[in-house]
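K.L.:
If you want my numbering, it's the 1-based position in the sequence shown plus 2.
Just so it is clear, CB atoms sit at the ideal spot from N, CA and C, and this is done for glycine as well.
It should be emphasised that the depicted structure is a prediction, and the values quoted were computed from it without experimental measurement.
Dumping the structure here so I can ask a few things about it.
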Amino acid sequence: MRERIVIGNWKMNPPTIADAVELARNVANRMPGGVSVGVAPAAIALPAVADALRDANVDVYAQDVHWEERGAFTGQISVSMLRGLAVGTIVGHSEVRRDLGDTDERVAKKLARAVTAGLRPVLCVGESAAEHAAGNASIVVARQIMAAVKEAPRRGLERLVVAYEPIWAIGTGNPATGIWATTLTRAIRAALKQSGLDPEATPVLYGGSVSARSVGEFASAEGIDGALVGGASLDTEEFAAVVRAFA
Ligand code: 13P
């Protein structure tokens, strides 16, 4: 059976580093076993959160990482800066693609850098509302997968996690359905196979308005191994309920 993983992507929340530490402590105290639980705080809160979770059973992830090792890249974070703070990093989140101009090419370079540095990559893919309406979701997602993994060393990709996050479902309160997510995991696994990776060994998470209320749909959907949770991960009880659904 594949590993079950639930990661809270805190995005640009909570408001202060002290609040992030408090949330991390609450999460650590409330999590059931049987699921790999992770949190992805804002970069500035990583050291404090990593410290707070040092002896806890909760993994820390970065929300993003730069593709170069060091240099003149204002505002960016390198893989070496994450050493000892994070076990992995999200790459290709649609908000980074939207706000910071990430392309499939950049995502591929970031993924390769993360993998080479021994960080576990959580690769986000997902179609826009327009692509969804045009019936192109599977094609878009397959293209994103194949483009993203092509530069990374195969060996490091053994621990790849893919998060299917349809853009139209993120932060809208309108999650996809379990049936839809299952359909897209098939497209994702076909693209992984075409890329020479082991599709059955790769956990695929669903993300997009996952909450205590909507999670059951995804926890029971074939091919879904966990969730990447935004808004609902900022409330410990809500997040714990999402984790429990996958336990
Ligand atoms: P929401 O759960 O707030 O829709 O966000 C999903 C997401 O983007 C997680 O990376």
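Rounded to whole angstroms, how far is the Cβ of Trp69 from the Cβ of Lys112, which I believe are closer than 8 Å?
P.N.:
5 Å
K.L.:
What whole-angstrom Cβ distance do Gly90 and Tyr63 have, given they're in contact under 8 Å?
P.N.:
5 Å
K.L.:
Which residue spans inside the segment 110-154 form an unbroken beta strand (DSSP E) run of at least 3?
P.N.:
Those beta strand (DSSP E) runs which fall completely within the segment 110-154 and span 3+ residues are 122-127.
K.L.:
Tell me whether Ser82 is buried or exposed, calling it buried when 16 or more other Cβ atoms sit within 10 Å of its Cβ.
P.N.:
exposed
K.L.:
Taking 8 Å as the threshold (beta carbon to beta carbon), is Cys126 in contact with chain B?
P.N.:
You won't find chain B in this structure, because it holds only one protein chain.
K.L.:
With DSSP collapsed to three states, give me the class of Ile190.
P.N.:
Residue state, collapsed to three classes: helix.
K.L.:
With DSSP run on the structure shown, which of helix, strand or coil describes Asn28?
P.N.:
helix
K.L.:
On a CA-only basis, which of Pro168, Gly128, Glu97, Ala223 is nearest Phe248? Give me that one, please.
P.N.:
Ala223
K.L.:
Please list, in chain order, all residues with a C-beta atom less than 6 Å from at least one heavy atom of the ligand 13P.
P.N.:
Asn11, His95, Glu167, Ile172, Gly173, Gly209, Gly210, Ser211, Val212, Leu230, Val231, Gly232, Gly233, Ala234
K.L.:
Thinking C-alpha only, which one of Glu240, Asn31, Val231, Thr179 is nearest Ile7?
P.N.:
Ranking Glu240, Asn31, Val231, Thr179 by Cα distance to Ile7 puts Val231 first.
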